[in-house]
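Chemist: Okay, so the sequence shown: first residue is 1 according to the working numbering, each after it adds one.
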Amino acid sequence: MELRRAFRVNGFVMLVVVILLGIAIYLLIDHLKNGDNGSTALGVTLAVAILAEVVVLSGFAVVNPNQAKVIQFFGRYIGSVSDAGFFWVVPLSTRRSLSLRVRNFETQKLKVNDSDGNPIEIAAVVVYRVVDSYKAVFAVDSYMNFVQTQSETAVRHLATTHPYQTDEGGAPSLRDGAEVAGELTAELRARTGQAGIEIQEARITHLAYAPEIAQAMLVRQQAAQVVAARTRIVEGAVGMVGLALDRLAEQGLVELDEERKATMVSNLLVVLCGDRSTQPVINTGSLYA
Numbered sequence: 001m002e003l004r005r006a007f008r009v010n011g012f013v014m015l016v017v018v019i020l021l022g023i024a025i026y027l028l029i030d031h032l033k034n035g036d037n038g039s040t041a042l043g044v045t046l047a048v049a050i051l052a053e054v055v056v057l058s059g060f061a062v063v064n065p066n067q068a069k070v071i072q073f074f075g076r077y078i079g080s081v082s083d084a085g086f087f088w089v090v091p092l093s094t095r096r097s098l099s100l101r102v103r104n105f106e107t108q109k110l111k112v113n114d115s116d117g118n119p120i121e122i123a124a125v126v127v128y129r130v131v132d133s134y135k136a137v138f139a140v141d142s143y144m145n146f147v148q149t150q151s152e153t154a155v156r157h158l159a160t161t162h163p164y165q166t167d168e169g170g171a172p173s174l175r176d177g178a179e180v181a182g183e184l185t186a187e188l189r190a191r192t193g194q195a196g197i198e199i200q201e202a203r204i205t206h207l208a209y210a211p212e213i214a215q216a217m218l219v220r221q222q223a224a225q226v227v228a229a230r231t232r233i234v235e236g237a238v239g240m241v242g243l244a245l246d247r248l249a250e251q252g253l254v255e256l257d258e259e260r261k262a263t264m265v266s267n268l269l270v271v272l273c274g275d276r277s278t279q280p281v282i283n284t285g286s287l288y289a
């Protein structure tokens with residue numbers, strides 16, 4: 001069964017009917033008190049009027065903004081009202097209120113293993129709203145618990161299929177916020193559609209290595225940064241040495257054989273790549289001494 005629009009009438013119109021019925025009941029009671037002829041017929045009419053008044057009064061419903069009323073008539077779903085206002089619906093029906101406002105919640109910090117087998121802690125915030133009141137009420141026991149459970153399941157699945165971080169270009173990791181958020185949102189939409197829920201956004205709010213390996217992973221990250229920095233320094237130093245040799249050759253300031261070039265390259269690389277200041281040594285003798 002799909003979402004349907006329930007029968008409804010403007011509540012103020014039916015309020016006029018209630019007032020008219022009230023006046024009719026008052027007049028009938030007055031006639032009965034005066035002992036008019038046909039008291040039996042008046043009594044039956046009065047009973048019918050009172051019954052009609054009670055039935056009509058049971059059909060009024062107020063729908064607040066961003067709220068829906070799911071209406072059942074003796075257990076049968078007859079429709080929903082999602083427009084704000086004062087309405088008269090099918091009398092003697094049960095009406096369940098359902099909020100259509102945007103909701104959000106944050107999952108618990110889950111401890112799972114990423115795709116590399118490293119234990120991590122991860123949590124996410126999910127923004128959602130009800131778009132199908134029928135499914136939200138009748139397809140699942142509790143749509144809020146359903147969304148929470150499916151969100152935690154999706155976060156666990158996301159964590160186990162991606163590494164915490166990767167050095168390979170193009171391979172997504174959990175630290176790639178926008179891409180991971182898109183995957184998580186798409187997966188949650190597929191999981192919660194059957195409950196009439198629209199997932200508007202899902203993002204990782206907490207991501208960290210588990211405490212037992214956090215220190216070791218910090219050392220690993222620091223080592224990776226040192227290697228990357230050294231690589232950049234060596235690349236720059238090699239370029240500077242090559243530039244120096246080319247400029248010396250172009251300007252003809254000094255001629256060096258292959259052995260002296262090797263010595264010069266070695267000295268320049270030591271100066272440029274060293275992590276400490278070097279002390280110059282001045283040679284006052286012959287270059288070939």
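We put the CB at the ideal spot given by N, CA and C, even for glycine.
Going by the beta-carbon positions, is the gap between Ile25 and Leu46 smaller than 8 Å?
Modeler: Along the sequence shown, read from residue 1 onward, the residue named residue 25 stands at position 25. Along the sequence shown, read from residue 1 onward, the residue named residue 46 stands at position 46. Cβ distance < 8 Å, so Ile25 and Leu46 count as in contact.
Chemist: Look at Thr149 and Ala124 and say whether their C-beta atoms are less than 8 Å apart.
Modeler: Mapped onto the sequence shown, residue 149 falls at position 149. Mapped onto the sequence shown, residue 124 falls at position 124. No; because the gap between Cβ atoms is not below 8 Å, this pair is not in contact.
Chemist: In whole angstroms, give me the CA-to-CA distance for Phe73 and Arg175.
Modeler: Against the sequence shown, residue 73 aligns to sequence position 73. Against the sequence shown, residue 175 aligns to sequence position 175. Cα-Cα distance, rounded: 51 Å.
Chemist: Any idea if Arg230 is buried or exposed, counting beta-carbon neighbours within 10 angstroms, 16 or more meaning buried?
Modeler: As a working note, residue 230 is residue 230 in the sequence shown. Looking at its Cβ environment, which holds fewer than 16 other Cβ atoms inside 10 Å, Arg230 is exposed.
Chemist: Is it the case that the Cβ atoms of Gly75 and Ser133 are separated by a distance below 8 Å?
Modeler: The count along the sequence shown starts at 1 and reaches residue 75 at position 75. The count along the sequence shown starts at 1 and reaches residue 133 at position 133. Not a contact, by the Cβ cut-off of 8 Å.
Chemist: Taking contact to mean 3 or more Cβ pairs, one atom from each stretch, closer than 8 Å, check whether the region 81-101 and the region 50-65 are in contact.
Modeler: Result yes; three or more Cβ-Cβ pairs closer than 8 Å.
Chemist: Counting C-beta neighbours from all protein chains within 10 Å, is the total for Val80 16 or more, i.e. buried, or is it exposed?
Modeler: The count along the sequence shown starts at 1 and reaches residue 80 at position 80. Per the sequence shown, residue 80 should be read as Ser rather than Val. The residue is buried, with at least 16 neighbouring Cβ atoms inside 10 Å.
Chemist: Kindly indicate which residue of Ala228, Leu268 and Leu98 has the alpha-carbon position closest to the one of Gly239.
Modeler: As a position in the sequence shown, residue 239 is number 239, starting the count at 1. For the residues Ala228, Leu268 and Leu98, the minimum Cα distance to Gly239 belongs to Leu268.
Chemist: Run through DSSP, which three-state label would Gly236 get?
Modeler: Working through the sequence shown from its first residue, we reach residue 236 at position 236. DSSP places Gly236 in helix when its eight states are reduced to three.
Chemist: Can you tell me whether DSSP reads His162 as helix, strand or coil?
Modeler: Here residue 162 is taken as the residue at index 162 of the sequence shown, counted from 1. The answer is coil: DSSP assigns His162 none of H, G, I, E or B.
Chemist: For Asp114, count the other beta carbons within 10 Å of its own beta carbon; 16 or more makes it buried, fewer makes it exposed. Which is it?
Modeler: Within the sequence shown, the letter at position 114 stands for residue 114. That one is buried.
Chemist: How many whole angstroms separate the CB atoms of Ala159 and Thr185, which I take to be in contact at a CB cut-off of 8 Å?
Modeler: Here residue 159 is taken as the residue at index 159 of the sequence shown, counted from 1. Here residue 185 is taken as the residue at index 185 of the sequence shown, counted from 1. Their Cβ separation, rounded to whole angstroms, is 15 Å, which puts Ala159 and Thr185 out of contact at 8 Å.
Chemist: What whole-angstrom Cβ distance do Ala210 and Ile120 have, given they're in contact under 8 Å?
Modeler: Sequence index remark: in the sequence shown, residue 210 carries index 210 (1-based). Sequence index remark: in the sequence shown, residue 120 carries index 120 (1-based). Right, their Cβ atoms sit about 6 Å apart.
Chemist: Please look up how many angstroms separate the CB atoms of Arg129 and Gln200, rounded, as I've assumed it's under 8 Å.
Modeler: As a working mapping, residue 129 is identified with position 129 in the sequence shown. As a working mapping, residue 200 is identified with position 200 in the sequence shown. About 7 Å separates the two Cβ atoms, so the contact holds.
Chemist: Under a three-way DSSP split, which group does Lys109 fall into?
Modeler: Taking the sequence shown and counting its residues from 1, the one referred to as residue 109 is at position 109. Reduced to three states, the DSSP call for Lys109 is coil.
Chemist: I need the straight-line Cα distance from Gly43 to Val55, nearest angstrom please.
Modeler: If you number the sequence shown from 1, residue 43 lands on position 43. If you number the sequence shown from 1, residue 55 lands on position 55. For Gly43 and Val55, the distance between alpha carbons rounds to 18 Å.
Chemist: So Gln194 packs on Lys111, CB below 8 Å; how close in whole Å?
Modeler: Counted from its first residue, the sequence shown places residue 194 at position 194. Counted from its first residue, the sequence shown places residue 111 at position 111. Wrong, their Cβ atoms sit about 29 Å apart, outside the cutoff.
Chemist: Put Ser133 into one of helix, strand or coil per three-state DSSP.
Modeler: Working through the sequence shown from its first residue, we reach residue 133 at position 133. Helix at Ser133.
Chemist: Have a look at Phe146, His162 and Pro65 and flag the residue whose alpha-carbon is nearest the alpha-carbon of Leu188.
Modeler: By 1-based counting over the sequence shown, the position of residue 188 is 188. Closest option to Leu188, Cα to Cα, is Phe146.
Chemist: If you compare alpha carbons, which of Ser151, Val241 and Val234 is closest to Glu198?
Modeler: Taking the first residue of the sequence shown as position 1, residue 198 is located at position 198. The option with the nearest alpha carbon to Glu198 is Ser151.
Chemist: Would you identify the three-state DSSP class for Val189, choosing helix, strand or coil?
Modeler: If you number the sequence shown from 1, residue 189 lands on position 189. What sits at residue 189 in the sequence shown is Arg, not Val. In the structure shown, Arg189 sits in a helix (DSSP, three-state: H, G or I).
Chemist: Along the chain, where does the beta strand (DSSP E) containing Phe87 start, and where does it finish?
Modeler: Sequence index remark: in the sequence shown, residue 87 carries index 87 (1-based). First-last of the beta strand (DSSP E) with Phe87: Gly85 to Val89.
Chemist: Only counting the same chain, and skipping five residues up and downstream in sequence, which positions put a Cβ closer than 8 Å to that of Ile50?
Modeler: Counted from its first residue, the sequence shown places residue 50 at position 50. Result list for Ile50: Ile25, in chain order.
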